[in-house]
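Heads up, the sequence shown is in my numbering, so the first residue is 103 and it goes up one at a time.
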Amino acid sequence: MSPIKKRRKELGLTLAELAQMVGLRDATIQRYESGEIPNIKKETVLKLAKALKCSPGYIMGWTEHETLVSAAESFIKIPVLGLIPAGVPIEAVEDVLGYEELPVSHIKSGDKYFALQLKGNSMYPEYHSGDVVILKQQDTCNTNEDCAVMINGGDATFKRVVRQKNGIMLKPLNPAYDTLFYTNEEIEQLPVRIIGVFKELRRRSDK
103 MSPIKKRRKE
113 LGLTLAELAQ
123 MVGLRDATIQ
133 RYESGEIPNI
143 KKETVLKLAK
153 ALKCSPGYIM
163 GWTEHETLVS
173 AAESFIKIPV
183 LGLIPAGVPI
193 EAVEDVLGYE
203 ELPVSHIKSG
213 DKYFALQLKG
223 NSMYPEYHSG
233 DVVILKQQDT
243 CNTNEDCAVM
253 INGGDATFKR
263 VVRQKNGIML
273 KPLNPAYDTL
283 FYTNEEIEQL
293 PVRIIGVFKE
303 LRRRSDK
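Below is the structure:
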């Protein structure tokens, strides 16, 4: 029996419960337990270790002992700032809806992150309504990066940013939605501001 399955059974967790705790699908956890996926990403190992209250080394089979891991030593919490639509821009919601966790080892000193929950289908099929996106807080981006953008000082949208000489396009991935274009003048006057660049998708297995 794999360390993951053994520890899950000891804690009385179902596949679905563990999958929800780490933000993966039931089938993915099952493949980890069966050894079908032998190389597990470092970030996923840390999430599993936290959920199963054991050391990363135990998850990987490097140690025989289930040494408890302090969540405070391995993760930081970032706020989900509000429900942001992946469709027609609406006024940004400031309420904190919850929290997501990021491994401390993945964050450079001075970097700031936040999370936003998407609503709508304009970024489908890559992003679904209800998905939580982790973003690095910054006011610049490269072309073709997916970003949270504030429009007119209060409206927010999550789109793919395509830079052009005379402005920027905020492009939905769903062809049923229109691309938004802002000239360089409008970018300054409205204004249009990048507030975060996409780094990670969190999709719940029960969605």
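Glycine residues also receive a C-beta, built at the ideal position from the N, C-alpha and C atoms.
- Query: Does DSSP classify Y229 as helix, strand or coil?
  - Reply: Y229: coil per DSSP, three-state reduction.
- Task: Verify the contact flag: N223, CB atom, against every heavy atom of the ligand ZN, threshold strictly below 7 angstroms.
- Result: Summarising the ligand content, the structure contains no ligands, and the ligand ZN is consequently not present.
- Item | Boundaries (first-last residue) of the beta strand (DSSP E) holding D234 | One detail in the question is off: residue 234 reads as Val in this sequence, not Asp. Per DSSP, V234 belongs to the beta strand (DSSP E) from 234-238.
- Message: Spatial neighbours of E168 within its chain, please: C-beta separation below 6 angstroms, excluding the five flanking residues on both sides.
- Response: Because the pLDDT of E168 is 46, which lies under 50, any placement of that residue in the model is unreliable, and the question is left without a value.
- Item | For S224 and P277, the rounded distance between their alpha carbons | Answer to the nearest angstrom: the Cα atoms are 8 angstroms apart.
- Limits of the alpha helix (DSSP H) - the one that G159 falls within: For G159, the uninterrupted alpha helix (DSSP H) run begins and ends at 158-161, by DSSP.
- Spatial distance of F216 from L237 (CA atoms): 6 angstroms
- Message: Using 8 angstroms as the threshold, is the C-beta distance between T259 and I253 below it?
- Response: Contact check for T259 against I253 passes: the beta carbons are separated by less than 8 angstroms.
- Is E288 helix, strand or coil when you go by DSSP? helix
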